[in-house]
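Report on the structure given below.
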Amino acid sequence: MWNKKIEDCILYEDKEILVCHKPAGIAVQNSRIGSIDMENALKNYLYAKNCSNVPWLGVIHRLDLPVEGAIVFAKTSQAAAKLNQQLTNGGFGKIYLAVTDQCRSEKDTLTDYLLKDGRKNMSAVVSEKTKGAKKAVLEYEFIEKIPDERTSSGFRYLIKIKLDTGRHHQIRVQMSHAGMPLIGDRKYNPTDESGLSLGLCSCYLCFCHPKTNKKMEFSVKPEGAAFEGFSKL
Numbered sequence: 113m114w115n116k117k118i119e120d121c122i123l124y125e126d127k128e129i130l131v132c133h134k135p136a137g138i139a140v141q142n143s144r145i146g147s148i149d150m151e152n153a154l155k156n157y158l159y160a161k162n163c164s165n166v167p168w169l170g171v172i173h174r175l176d177l178p179v180e181g182a183i184v185f186a187k188t189s190q191a192a193a194k195l196n197q198q199l200t201n202g203g204f205g206k207i208y209l210a211v212t213d214q215c216r217s218e219k220d221t222l223t224d225y226l227l228k229d230g231r232k233n234m235s236a237v238v239s240e241k242t243k244g245a246k247k248a249v250l251e252y253e254f255i256e257k258i259p260d261e262r263t264s265s266g267f268r269y270l271i272k273i274k275l276d277t278g279r280h281h282q283i284r285v286q287m288s289h290a291g292m293p294l295i296g297d298r299k300y301n302p303t304d305e306s307g308l309s310l311g312l313c314s315c316y317l318c319f320c321h322p323k324t325n326k327k328m329e330f331s332v333k334p335e336g337a338a339f340e341g342f343s344k345l
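Letter by letter, the sequence shown follows residues 113 to 345 of the working numbering.
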């Protein structure tokens, strides 16, 4: 449930872009009529600022419904085109923080092939030769460990993750397949009994401004309960 004003989520705004800290539990874009999502909330915000014009807003990238973090929107079609081109060419930098109850090594690179099942809205690790499979690569690094009797291991681990590709549910699928499922992940960690929400946050985002070409960098601190107690956030 949304307990914030959309204005409180805005990290940066100018004539071309809007950068926000998306709360967990709110969709970036929702096809269901009447549902609250970031796109419509921002459009209402923009319309309230300038009632003479119907606002234009472009969705550039998405975060899963239960994931919080930094996300950029375009306010003009020209800005959207340039940002989409950057995204397609790998020009966006993204770093995530994740919480697990297992950690296999201090740092590693995971390379898998993922196949999306649109009917179930899930992805799975499959053979490289599977039709429709897409290569997925991420790098992870252990940050901190704290005790927590609610988890199966008795600990929570804070992990930093850098995405080299952007696949459907990539972090959640690859970490689960590697034996390090995310805390609170109802899809890929169904045996989790911690009672915590999904431990995943897009904590850092960088890209070049679509008009000035200046490097833009944004960092957010996770607000979810899975991140409570860590000193190195």
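Each residue gets a CB set at the ideal place from its N, CA and C atoms; glycine is no exception.
Secondary structure at residue 213: coil, using DSSP grouped into helix, strand and coil.
Note: residue 133 is bridge-paired with 182 in the DSSP secondary-structure output. In chain order, 227 place their CB closer than 6 Å to the CB of residue 242, counting only its own chain and leaving out the 5 sequence neighbours on each side. Comparing alpha-carbon positions, the option among 322, 327 and 316 lying closest to residue 333 turns out to be 316.
DSSP, read as helix, strand or coil, puts residue 127 in coil.
Residue 222 sits away from residue 139, with the two beta carbons spaced by 7 Å or more. Uninterrupted beta strand (DSSP E) stretches at least 3 residues long and entirely within the segment 295–329 occur at 312–320, given in chain order. With a 10 Å radius around the Cβ and a threshold of 16 neighbouring Cβ atoms, residue 282 comes out buried. Sorting 153, 122, 271 and 339 by C-alpha distance to the C-alpha of residue 207 places 271 at the top. Residue range 150–161 is occupied by the alpha helix (DSSP H) that includes residue 154, with no beta strand (DSSP E) assigned at that position.
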